[in-house]
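Single-structure report; data block below.
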(Lines of atoms letter the chains of each structure in order from A; the text may use other names.)
(Lines give C-alpha, C1' and ligand atoms only; values in the text may rest on other atoms or scores of the structure.)
Protein backbone atom coordinates (compact mmCIF):
# COMPACT_ATOMS: atom_id res chain seq x y z
CA UNK A 378 0.00 0.00 0.00
CA UNK A 379 1.19 3.52 -0.78
CA UNK A 380 1.58 6.06 2.00
CA UNK A 381 -0.96 8.89 2.28
CA UNK A 382 0.03 10.59 5.56
CA UNK A 383 3.55 10.87 6.97
CA UNK A 384 4.45 12.13 10.44
CA UNK A 385 8.11 12.89 11.11
CA UNK A 386 9.21 13.66 14.68
CA UNK A 387 5.86 15.29 15.47
CA UNK A 388 5.43 16.90 18.87
CA UNK A 389 2.90 19.33 20.30
CA UNK A 390 3.21 21.61 23.32
CA UNK A 391 0.51 23.99 24.48
CA UNK A 392 -0.08 26.39 27.35
CA UNK A 393 -2.70 25.26 29.86
CA UNK A 394 -5.62 27.69 30.15
CA UNK A 395 -6.05 26.62 33.76
CA UNK A 396 -2.64 27.49 35.22
CA UNK A 397 -0.54 28.85 32.34
CA UNK A 398 1.87 25.91 32.48
CA UNK A 399 3.37 24.43 29.32
CA UNK A 400 2.02 20.95 28.63
CA UNK A 401 3.62 18.54 26.18
CA UNK A 402 0.79 16.58 24.59
CA UNK A 403 2.77 14.60 21.99
CA UNK A 404 6.42 13.78 21.52
CA UNK A 405 8.44 12.14 18.77
CA UNK A 406 5.63 10.72 16.65
CA UNK A 407 7.00 8.97 13.57
CA UNK A 408 4.33 7.13 11.63
CA UNK A 409 2.87 6.57 8.17
CA UNK A 410 -0.77 5.94 7.30
CA UNK A 411 -1.27 3.74 4.29
CA UNK A 412 -3.66 4.76 1.55
CA UNK A 413 -6.98 2.98 1.99
CA UNK A 414 -6.35 1.54 5.46
CA UNK A 415 -8.57 1.77 8.52
CA UNK A 416 -6.40 2.88 11.46
CA UNK A 417 -7.77 3.15 14.98
CA UNK A 418 -6.01 5.03 17.79
CA UNK A 419 -6.24 4.11 21.48
CA UNK A 420 -4.43 5.12 24.64
CA UNK A 421 -4.90 6.38 28.20
CA UNK A 422 -7.04 9.45 28.85
CA UNK A 423 -5.15 12.63 27.98
CA UNK A 424 -2.45 10.92 25.93
CA UNK A 425 -2.92 13.15 22.87
CA UNK A 426 -5.17 11.02 20.63
CA UNK A 427 -7.44 13.92 19.70
CA UNK A 428 -4.46 16.27 19.46
CA UNK A 429 -2.85 13.97 16.90
CA UNK A 430 -6.04 13.91 14.85
CA UNK A 431 -6.37 17.70 14.95
CA UNK A 432 -2.78 18.10 13.70
CA UNK A 433 -3.44 15.87 10.69
CA UNK A 434 -6.72 17.74 10.07
CA UNK A 435 -4.74 20.98 10.01
CA UNK A 436 -6.67 22.63 12.86
CA UNK A 437 -3.41 23.06 14.78
CA UNK A 438 0.25 23.06 13.82
CA UNK A 439 2.85 20.79 15.42
CA UNK A 440 5.39 22.40 17.72
CA UNK A 441 8.04 20.02 16.44
CA UNK A 442 8.36 17.92 13.31
CA UNK A 443 6.35 17.85 10.11
CA UNK A 444 3.22 16.26 8.64
CA UNK A 445 2.79 15.44 4.96
CA UNK A 446 -0.48 14.60 3.23
CA UNK A 447 -0.04 12.98 -0.16
CA UNK A 448 3.53 14.28 -0.19
CA UNK A 449 2.65 17.91 0.62
CA UNK A 450 3.02 19.72 3.97
CA UNK A 451 -0.18 20.11 6.00
CA UNK A 452 -0.63 23.86 6.55
CA UNK A 453 -4.34 23.98 7.40
CA UNK A 454 -7.68 22.21 6.91
CA UNK A 455 -8.71 20.96 3.48
CA UNK A 456 -11.75 19.27 1.89
CA UNK A 457 -9.68 16.15 1.17
CA UNK A 458 -9.62 15.53 4.95
CA UNK A 459 -13.14 15.09 6.30
CA UNK A 460 -13.59 15.39 10.07
CA UNK A 461 -16.29 13.93 12.31
CA UNK A 462 -16.56 14.67 16.04
CA UNK A 463 -18.13 13.04 19.08
CA UNK A 464 -20.58 15.90 19.68
CA UNK A 465 -22.10 15.87 16.15
CA UNK A 466 -21.09 19.54 15.48
CA UNK A 467 -24.23 20.09 13.40
CA UNK A 468 -25.57 23.58 12.76
CA UNK A 469 -28.75 23.76 14.91
CA UNK A 470 -30.38 26.31 12.60
CA UNK A 471 -29.95 24.12 9.52
CA UNK A 472 -32.08 21.14 8.56
CA UNK A 473 -30.65 17.71 7.80
CA UNK A 474 -30.47 18.67 4.13
CA UNK A 475 -28.93 22.05 4.96
CA UNK A 476 -26.26 20.46 7.14
CA UNK A 477 -25.34 17.79 4.62
CA UNK A 478 -25.00 20.22 1.72
CA UNK A 479 -23.10 22.86 3.72
CA UNK A 480 -19.60 21.80 2.61
CA UNK A 481 -20.34 21.98 -1.12
CA UNK A 482 -22.30 25.21 -0.49
CA UNK A 483 -19.25 26.77 1.19
CA UNK A 484 -17.12 25.74 -1.79
CA UNK A 485 -19.50 27.41 -4.24
CA UNK A 486 -20.93 24.24 -5.80
CA UNK A 487 -24.06 24.91 -7.85
CA UNK A 488 -27.36 24.42 -6.02
CA UNK A 489 -28.63 21.61 -8.26
CA UNK A 490 -25.40 19.64 -7.98
CA UNK A 491 -24.97 19.97 -4.22
CA UNK A 492 -28.67 19.21 -3.63
CA UNK A 493 -28.42 16.04 -5.72
CA UNK A 494 -25.30 14.94 -3.83
CA UNK A 495 -26.86 15.69 -0.45
CA UNK A 496 -30.05 13.77 -1.26
CA UNK A 497 -27.98 10.80 -2.39
CA UNK A 498 -25.98 10.77 0.86
CA UNK A 499 -29.09 11.20 2.99
CA UNK A 500 -30.44 8.05 1.36
CA UNK A 501 -27.13 6.22 1.86
CA UNK A 502 -27.10 6.89 5.62
CA UNK A 503 -30.77 6.03 6.05
CA UNK A 504 -32.26 9.48 6.70
CA UNK A 505 -34.66 9.67 3.76
CA UNK A 506 -37.83 11.40 4.96
CA UNK A 507 -35.97 13.48 7.55
CA UNK A 508 -34.51 16.08 5.17
CA UNK A 509 -36.49 18.95 6.70
CA UNK A 510 -35.90 18.02 10.34
CA UNK A 511 -33.61 20.07 12.56
CA UNK A 512 -30.90 18.45 14.75
CA UNK A 513 -32.93 18.82 17.95
CA UNK A 514 -35.68 16.72 16.34
CA UNK A 515 -33.34 13.77 15.75
CA UNK A 516 -32.12 10.96 17.99
CA UNK A 517 -28.42 10.73 18.82
CA UNK A 518 -27.87 8.02 16.24
CA UNK A 519 -29.66 10.02 13.55
CA UNK A 520 -27.60 13.11 14.34
CA UNK A 521 -24.43 11.10 13.92
CA UNK A 522 -25.69 9.70 10.61
CA UNK A 523 -26.30 13.29 9.51
CA UNK A 524 -22.79 14.27 10.60
CA UNK A 525 -21.38 11.33 8.64
CA UNK A 526 -23.28 12.34 5.50
CA UNK A 527 -22.06 15.92 5.88
CA UNK A 528 -18.46 14.71 6.09
CA UNK A 529 -18.91 12.55 2.99
CA UNK A 530 -20.43 15.41 0.97
CA UNK A 531 -16.95 16.75 0.17
CA UNK A 532 -15.76 13.35 -1.13
CA UNK A 533 -12.78 13.35 1.24
CA UNK A 534 -9.80 11.11 0.59
CA UNK A 535 -9.39 10.68 4.34
CA UNK A 536 -11.88 10.39 7.19
CA UNK A 537 -10.64 11.77 10.52
CA UNK A 538 -13.03 10.57 13.22
CA UNK A 539 -12.69 11.68 16.84
CA UNK A 540 -14.71 9.26 19.01
CA UNK A 541 -17.73 9.62 16.71
CA UNK A 542 -19.76 6.85 18.37
CA UNK A 543 -19.00 7.59 22.02
CA UNK A 544 -22.21 9.54 22.66
CA UNK A 545 -24.69 6.92 21.43
CA UNK A 546 -26.12 3.87 23.22
CA UNK A 547 -24.66 0.39 22.71
CA UNK A 548 -27.27 -0.88 20.25
CA UNK A 549 -26.98 2.25 18.11
CA UNK A 550 -23.19 2.03 18.27
CA UNK A 551 -23.21 -1.51 16.89
CA UNK A 552 -25.51 -0.48 14.04
CA UNK A 553 -23.36 2.57 13.22
CA UNK A 554 -20.14 0.53 13.36
CA UNK A 555 -21.56 -1.81 10.72
CA UNK A 556 -22.83 1.13 8.67
CA UNK A 557 -19.47 2.87 8.84
CA UNK A 558 -17.64 -0.24 7.65
CA UNK A 559 -20.13 -0.68 4.81
CA UNK A 560 -19.62 2.90 3.64
CA UNK A 561 -15.84 2.59 3.92
CA UNK A 562 -15.89 -0.57 1.84
CA UNK A 563 -15.56 -3.47 4.26
CA UNK A 564 -16.55 -5.83 1.48
CA UNK A 565 -14.24 -5.21 -1.46
CA UNK A 566 -16.15 -3.46 -4.26
CA UNK A 567 -13.14 -2.72 -6.45
CA UNK A 568 -13.13 1.01 -5.70
CA UNK A 569 -10.37 2.72 -3.75
CA UNK A 570 -11.26 2.92 -0.09
CA UNK A 571 -10.81 6.16 1.84
CA UNK A 572 -8.10 6.25 4.49
CA UNK A 573 -9.59 6.33 7.99
CA UNK A 574 -8.11 7.48 11.30
CA UNK A 575 -10.58 6.65 14.06
CA UNK A 576 -9.91 7.74 17.67
CA UNK A 577 -11.68 5.69 20.34
CA UNK A 578 -11.54 4.83 24.03
CA UNK A 579 -12.99 1.39 23.29
CA UNK A 580 -10.31 -1.21 22.63
CA UNK A 581 -12.89 -3.74 21.45
CA UNK A 582 -14.23 -1.17 18.97
CA UNK A 583 -10.68 -0.41 17.82
CA UNK A 584 -10.00 -4.08 17.09
CA UNK A 585 -13.34 -4.66 15.35
CA UNK A 586 -12.88 -1.79 12.90
CA UNK A 587 -9.16 -1.63 12.23
CA UNK A 588 -6.52 -2.93 9.90
CA UNK A 589 -4.01 -1.61 12.44
CA UNK A 590 -4.32 -0.18 15.94
CA UNK A 591 -1.98 2.66 16.94
CA UNK A 592 -1.39 2.50 20.70
CA UNK A 593 -0.23 5.69 22.44
CA UNK A 594 1.33 5.83 25.90
CA UNK A 595 0.43 8.34 28.60
CA UNK A 596 1.27 12.02 28.21
CA UNK A 597 3.38 13.12 26.52
CA UNK A 598 1.89 10.77 23.98
CA UNK A 599 4.42 8.54 22.28
CA UNK A 600 3.83 5.50 20.11
CA UNK A 601 3.83 2.47 22.37
CA UNK A 602 2.91 -0.14 19.77
CA UNK A 603 1.30 -0.70 16.39
CA UNK A 604 -0.88 -3.81 16.41
CA UNK A 605 -1.89 -5.53 13.17
CA UNK A 606 -5.45 -6.85 13.09
CA UNK A 607 -5.09 -9.72 10.66
CA UNK A 608 -8.73 -10.76 10.46
CA UNK A 609 -10.66 -11.29 7.20
CA UNK A 610 -13.25 -8.77 6.01
CA UNK A 611 -16.17 -8.46 6.20
CA UNK A 612 -15.86 -9.42 9.85
CA UNK A 613 -18.28 -11.59 11.74
CA UNK A 614 -18.48 -10.50 15.38
CA UNK A 615 -19.22 -14.04 16.57
CA UNK A 616 -16.90 -15.98 14.30
CA UNK A 617 -13.94 -13.70 15.03
CA UNK A 618 -14.69 -13.24 18.72
CA UNK A 619 -11.85 -15.39 20.11
CA UNK A 620 -9.14 -13.68 18.08
CA UNK A 621 -10.70 -10.27 18.74
CA UNK A 622 -10.68 -11.01 22.46
CA UNK A 623 -7.02 -12.02 22.31
CA UNK A 624 -6.05 -8.80 20.53
CA UNK A 625 -8.18 -6.71 22.90
CA UNK A 626 -6.50 -8.29 25.93
CA UNK A 627 -3.06 -7.73 24.40
CA UNK A 628 -3.71 -4.03 23.75
CA UNK A 629 -5.21 -3.57 27.22
CA UNK A 630 -2.09 -5.12 28.75
CA UNK A 631 -0.01 -2.48 26.96
CA UNK A 632 -1.84 0.49 28.47
CA UNK A 633 -3.49 -0.82 31.66
CA UNK A 634 -0.95 0.56 34.15
CA UNK A 635 -0.62 3.89 32.34
CA UNK A 636 -4.40 4.25 32.10
CA UNK A 637 -4.65 3.82 35.88
CA UNK A 638 -1.91 6.41 36.40
CA UNK A 639 -3.66 8.87 34.08
CA UNK A 640 -6.92 8.51 36.03
CA UNK A 641 -5.07 9.00 39.31
CA UNK A 642 -3.44 12.19 38.03
CA UNK A 643 -6.78 13.58 36.83
CA UNK A 644 -8.33 13.13 40.28
CA UNK A 645 -5.51 14.82 42.20
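In the numbering used here, the protein residues as written are 378 to 645. Even for Gly, the Cβ is constructed at its ideal location relative to N, Cα and C. Fair warning: this is a prediction, and the values are worked out from it, not measured in the lab.
- Relative to the Cα of residue 591, the nearest Cα in the group 562, 624 and 618 belongs to 624.
- Taken through DSSP and simplified to helix, strand or coil, residue 434 comes out as helix.
- By the 16-neighbour rule on beta-carbons within 10 angstroms, residue 509 is exposed.
- Contact between residue 537 and residue 433 holds, with the beta-carbon distance rounding to 6 Å and staying under 8 Å.
- Proximity of the segment 522-537 to the segment 470-481 meets the contact definition, three or more beta-carbon pairs being nearer than 8 Å.
- For residue 595, the CB contacts under 7 Å within the same chain, skipping 5 residues up- and downstream, are 421, 424, 635, 638 and 639 in chain order.
- Annotation: the continuous beta strand (DSSP E) that includes residue 415 extends over 415-419.
- When the alpha-carbon of residue 412 is set against those of 507, 496, 458 and 600, the nearest one is in 458.
- Going by beta carbons, residue 390 and residue 452 fall outside the 7 Å limit.
- For residue 495, the enclosing alpha helix (DSSP H) starts and ends at 488-501.
- Going by DSSP, residue 383 is part of the beta strand (DSSP E) stretching over 380-392.
- At least 7 Å separates the beta-carbon of residue 472 from that of residue 518.
- For residue 428 against residue 575, the beta-carbon gap comes to about 15 Å, at or over 8 Å, which does not count as contact.
- With 16 or more other CB atoms across the displayed protein chains lying within 10 angstroms of its CB, residue 577 is buried.
- In the structure shown, residue 587 adopts coil according to DSSP, grouped into three states.
- For residue 522, the number of other beta carbons within 10 angstroms of its own is at least 16, and it is reported as buried.
- The beta carbon of residue 430 is closer than 7 Å to those of 537, 539, 574 and 576 in its chain, skipping five residues each way along the sequence.
- Counting C-beta atoms within 10 angstroms of its own C-beta, residue 598 has 16 or more neighbours from the protein chains shown and is therefore classed as buried.
- Around the Cβ of residue 582, a 10 Å sphere holds 16 or more other Cβ atoms; the residue is buried.
- The alpha-carbon separation between residue 460 and residue 454 amounts to approximately 10 Å.
- In the three-state reduction of the DSSP assignment, residue 470 falls in the coil class, being assigned neither a helical nor a strand state.
- In this structure, DSSP gives residue 525 a helical state, which the three-state scheme calls helix.
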